[in-house]
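See structure below.
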Amino acid sequence: MSSFDHTTPRAGLSWAMGCLLAALLLIALGIGGFLRLVEIGLSLFGSGGIGRAVVIWISLSVGAVAFAIWAGLGRGAVRAAAVRWLAALPLPALLALTVLIPSAESQLIALAQLGLSLLYALALAGLTRRTVEWRWTPIAASTGLLLALPWLAIGAPGSWLDVVLALLLGATVGWAGGQLLVWRPPLSWQQAGVSSSVWLAEGAALSLLLLILSRALGPNGAAFVFLCCAPASGWLWLALGRQAGLAAAAPVSALFGMFFFGLPIGLTDPDALVTLLLFSSFPEGFHFAMLAAAGQAVLALLATPLALFVADQRVHGIGAGLAAVAGLALLIAGGRAAPAGDRLFVVLRDQADVSRLAAITGYNQRRVAVYQQLTAHAEATQTDLRAALDRLGVRYTPYYLVNGLEVEADLPLRLWLQSRPEVAAVMPAPHLRPLPALPLPATGDQPPPDEPPWNLTMIGAPEAWALGARGAGIIIGQADSGVAADHPELSDAYAGRTVNGVEHAYHWLDPWTGATAPYDLGGHGTHTLATALGNSVGVAPDAQWIGCVNLARNLGNAPRYLDCMQFLFAPYPPNGDPLRDGDPARGAHVLNNSWGCPQDLEGCAPDALQPAVRALRVAGVFVVASAGNDGPACHSLNAPLAIYDEVMTVGAVDADGQLAPFSSVGPVQSDGSGRAKPDLVAPGVAILSAYPNQSYARADGTSMAGPHVAGAVALLWSANPALIGNIDETERILRETARPYTFDDGNRCGDGNSVGAGILDVAAAVRRVIK
97 MSSFDHTTPR
107 AGLSWAMGCL
117 LAALLLIALG
127 IGGFLRLVEI
137 GLSLFGSGGI
147 GRAVVIWISL
157 SVGAVAFAIW
167 AGLGRGAVRA
177 AAVRWLAALP
187 LPALLALTVL
197 IPSAESQLIA
207 LAQLGLSLLY
217 ALALAGLTRR
227 TVEWRWTPIA
237 ASTGLLLALP
247 WLAIGAPGSW
257 LDVVLALLLG
267 ATVGWAGGQL
277 LVWRPPLSWQ
287 QAGVSSSVWL
297 AEGAALSLLL
307 LILSRALGPN
317 GAAFVFLCCA
327 PASGWLWLAL
337 GRQAGLAAAA
347 PVSALFGMFF
357 FGLPIGLTDP
367 DALVTLLLFS
377 SFPEGFHFAM
387 LAAAGQAVLA
397 LLATPLALFV
407 ADQRVHGIGA
417 GLAAVAGLAL
427 LIAGGRAAPA
437 GDRLFVVLRD
447 QADVSRLAAI
457 TGYNQRRVAV
467 YQQLTAHAEA
477 TQTDLRAALD
487 RLGVRYTPYY
497 LVNGLEVEAD
507 LPLRLWLQSR
517 PEVAAVMPAP
527 HLRPLPALPL
537 PATGDQPPPD
547 EPPWNLTMIG
557 APEAWALGAR
567 GAGIIIGQAD
577 SGVAADHPEL
587 SDAYAGRTVN
597 GVEHAYHWLD
607 PWTGATAPYD
617 LGGHGTHTLA
627 TALGNSVGVA
637 PDAQWIGCVN
647 LARNLGNAPR
657 YLDCMQFLFA
667 PYPPNGDPLR
677 DGDPARGAHV
687 LNNSWGCPQD
697 LEGCAPDALQ
707 PAVRALRVAG
717 VFVVASAGND
727 GPACHSLNAP
737 LAIYDEVMTV
747 GAVDADGQLA
757 PFSSVGPVQS
767 DGSGRAKPDL
777 VAPGVAILSA
787 YPNQSYARAD
797 GTSMAGPHVA
807 GAVALLWSAN
817 PALIGNIDET
827 ERILRETARP
837 YTFDDGNRCG
847 DGNSVGAGIL
857 DVAAAVRRVI
867 K
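For the sequence shown, position 550 (counting from the first letter as 1) is numbered 646 according to the working numbering, and the numbering increases by one without interruption.
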């Protein structure tokens, strides 16, 4: 061990003073923990980044007061620890600013955090002005790679730029932390043979320093990962610095930070850490990250004695090599070694105008004409951009419902794309990385109904059935988490079930995993589809369905939503080309969309998908969109597709017919239109429907309300086939026959908002069309 030239007088504290300071610290940590929960709540209820930043700054202010009292009352090593904590607080205060960047922009967040961390580290270097010895330290590499093993076993890398940014960010934060330690060295670095109590106390102090440095580190919920592993890692950091010596402490800390902070950020999918997913049907990404963090904590405790008592650098060099080989083997064996970064959705300025095709009277002829014009326009206008991408060796996928491309690219190429004259917009398309293991399908806990559920009775579905309207001959397209096609509510309604057996071609698409047969892990898609057409829980039990997966693990993006809309409009065979092999005559008449594409989480600009729904309306495809669950505040209806005039947007009411508190309401502000939304409301609270594993479950949400309207359209079009494709008339009938809303909150956000035309009454609508 190298000798140190900086000394700090050793001074003891009375038991009373020690207990007072310990109590003060525990109170501050308790308040910080509570504020972490507040931060989660703000993320869940969509308050925006400003609210989260304020909460982080409040928690840091509480810490600053506690640490300042420690520094004032403490002596020697106690005061040195408190001063380090105080000096570390500016870094998370700066990093908190990056929560203002949309969570879908993970590379921008990482780049901004790297720049802020570098500024902070350079400022510290200017203040400390100590000689730095940059040298290779096998001990830091061996212990660091040991800490990385859980992440290599469970995580998946993003793009090369994602990984490089993460490693540089981790190294920079570690370097900054090392400079704090050089500025105020721990007592155990300065004196040989300190007592075990001093060693334990100083390791705990460094663990708290790690927590402070990581308070706002990484995109989305990455800071919660370090909340799990930092408390066990301070002693390892202390041991590494003791072995390296004061002159090399900052470089060693940089290497430690690269492994401790950088690798977890680089191998964790930032999109899977979005707080909303923690409380959704697919929290596995968050759970796996926390499992890896727990493994890192255990290995940090095991690595500490190795750093303390194994001084032979050759042993550590061999250990580093073995750990690296083991980690890469784990990553490759798990099939997660290929870079899996996010993508970009590039929208072209020249969007096709198919409005004149609305005059075509034949329904199938109109669909075919719309498809042909859209695909021809995309092929013609994308030629130059595709050729440029081909020359660069960049992979892409073209689209026609919105004239654009999904491009596998990072920030540098994004800047180039934005500079091209034919490009109107470039937006992020978050792409989920693979998990080490797929979750098991969800299972409901409710018995099947023995009579029509309350929600069907409320909208008059049994009365409509008695009039002969049951949805026969109408195909509903479902784009969601998937479909449990073997469920008794849905199996006989699958359009792929023919007299010759089950045929999935033209009836099912999974653009996320390529699965060739229907499945549903989360249950959301099965539940919503069965509400539309299930045998005993659905509005239109004789309708048929085709399906597509756009919500892999409850997260989507503009290209995946377009994949499904294109397939449901003009299905194509497996491995077919949507722009050449689509068959509009096989497509769905009605599309149910129990999803939204928020710009912050999934990258959709307000107008991102509008060309798609405009073209579908011209083609005669009835598009239903759920309003969203961000209510009750006015203007909370803010994400595609629900914001568009071309779709019928549906809010949720409970069994009493009152608007559900969560139901999003207008007027629409996100696109500047001030448009009144939703158009209708339907049951969306405690809705009983099908779930995977042939089970049943109750669920709340506007996701549950929308399928009632999709099923209602199927009933109307089956009762009067002359209405098929006539979107204007169908919408008019649904609005005019809706039951008036009788509660006094119906117009609290302005006329036409909150509940639209009223509560869906499908019996009255069917009576209107069969007269």
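A virtual CB, placed ideally from N, CA and C, is assigned to each residue, including glycine.
Roughly how far, in whole angstroms, is the beta-carbon of residue i from the beta-carbon of residue j, given that I think they are within contact range, below 8 angstroms?
| i | j | result |
| --- | --- | --- |
| A806 | I571 | Not confirmed; about 11 angstroms, so no contact. |
| E298 | L334 | 6 angstroms |
| Q911 | L257 | With the chain covering 97 to 867 only, the question about residue 911 has no answer from this structure. |
| R713 | E742 | 5 angstroms |
| N849 | P763 | 5 angstroms |
| A575 | C660 | 4 angstroms |
| R311 | A176 | Not confirmed; about 21 angstroms, so no contact. |
| I60 | P188 | In the structure as shown, the chain starts at 97 and stops at 867, and residue 60 therefore has no counterpart that could be examined. |
Which residue wins for smallest C-alpha separation from residue i, given the options the options?
| i | options | result |
| --- | --- | --- |
| L563 | D796, V865 and M354 | V865 |
| E559 | L534, P669, N596 and A815 | A815 |
| L507 | L440, A520 and N460 | L440 |
| L51 | A326, D480 and G362 | As displayed, the chain neither begins before 97 nor continues past 867, which places residue 51 out of reach and without an answer. |
| G727 | P707, L755, L120 and R713 | L755 |
| N499 | A628, D449 and P543 | D449 |
| D824 | A715, A681, F355 and A786 | A715 |
| R649 | A219, L131 and A368 | A368 |
| L675 | A834, D752 and L497 | L497 |
| P532 | V174, A795, L309 and D365 | D365 |
| R225 | L277, A236 and G391 | L277 |
| L313 | S291, A345 and G358 | G358 |
| R148 | A164, F163 and L131 | L131 |
| G341 | C324, I235 and G413 | I235 |
| P548 | N631, T624, P788 and P670 | N631 |
| Q275 | D659, A219 and L323 | A219 |
| L263 | R831, G240, I250 and A162 | G240 |
| A834 | R844, V858, V490 and F322 | V858 |
| G678 | L470, R529, V294 and L733 | L470 |
| A793 | A626, H527, R452 and P379 | A626 |
| G842 | A782, G458, V749 and D796 | V749 |
| P524 | P530, A505 and D408 | A505 |
| A167 | L191, S213, A118 and L133 | A118 |
| F320 | L332, L306, W331 and G330 | L306 |
Can you tell me which of the three DSSP states residue i falls into?
| i | result |
| --- | --- |
| V370 | coil |
| E502 | strand |
| A407 | coil |
| A107 | Interpretation of A107 is limited by its pLDDT of 44, a score under 50 that renders its predicted location unreliable; the figure taken from the coordinates is listed afterwards. Three-state result, A107: coil. |
| F839 | coil |
| I456 | coil |
| V858 | helix |
| H102 | Note that H102 has pLDDT 40, beneath the 50 cutoff, so the model's placement of it is unreliable and the number below is only indicative. Coil at H102, not helix or strand. |
| G597 | strand |
| P246 | helix |
| S707 | The question names Ser, yet the displayed sequence has Pro at residue 707. Here P707 sits in helix by DSSP. |
| Q447 | coil |
| Q286 | helix |
| Y740 | coil |
| Y602 | coil |
Would you give the residue range spanned by the alpha helix (DSSP H) that residue i belongs to?
| i | result |
| --- | --- |
| L481 | T479 to L488 |
| P524 | Run containing P524: none in the alpha helix (DSSP H); it sits in the beta strand (DSSP E), V519 to A525. |
| G266 | W256 to W279 |
| M354 | Where M354 is concerned, there is no enclosing alpha helix (DSSP H), given that its DSSP letter is neither H nor E. |
| T553 | W550 to M554 |
| T826 | I823 to E832 |
| C325 | A318 to C325 |
Please report the residue range of the beta strand (DSSP E) in which residue i lies.
| i | result |
| --- | --- |
| D879 | Given that the chain is displayed from residue 97 to residue 867, the structure contains no residue 879 and the question cannot be resolved. |
| Y216 | Run containing Y216: none in the beta strand (DSSP E); it sits in the alpha helix (DSSP H), S202 to T224. |
| R439 | R439 to L444 |
| G868 | Past the edges of the chain, shown from 97 to 867, lies residue 868, and the structure says nothing about it. |
| A853 | Per DSSP, A853 belongs to no beta strand (DSSP E) and is neither H nor E. |
| T493 | Y492 to Y495 |
| A160 | Run containing A160: none in the beta strand (DSSP E); it sits in the alpha helix (DSSP H), G145 to L169. |
| V719 | F718 to S722 |
Whole beta strand (DSSP E) elements within the segment 755-821, 3-residue minimum: 776-779, 783-787 and 791-795, all fully within the segment 755-821.
Start-end ranges of the beta strand (DSSP E) lying completely within the segment 606-689, minimum 3 residues: Counting whole runs of 3 or more residues, the segment 606-689 contains the beta strand (DSSP E) stretches 640-645 and 686-689.
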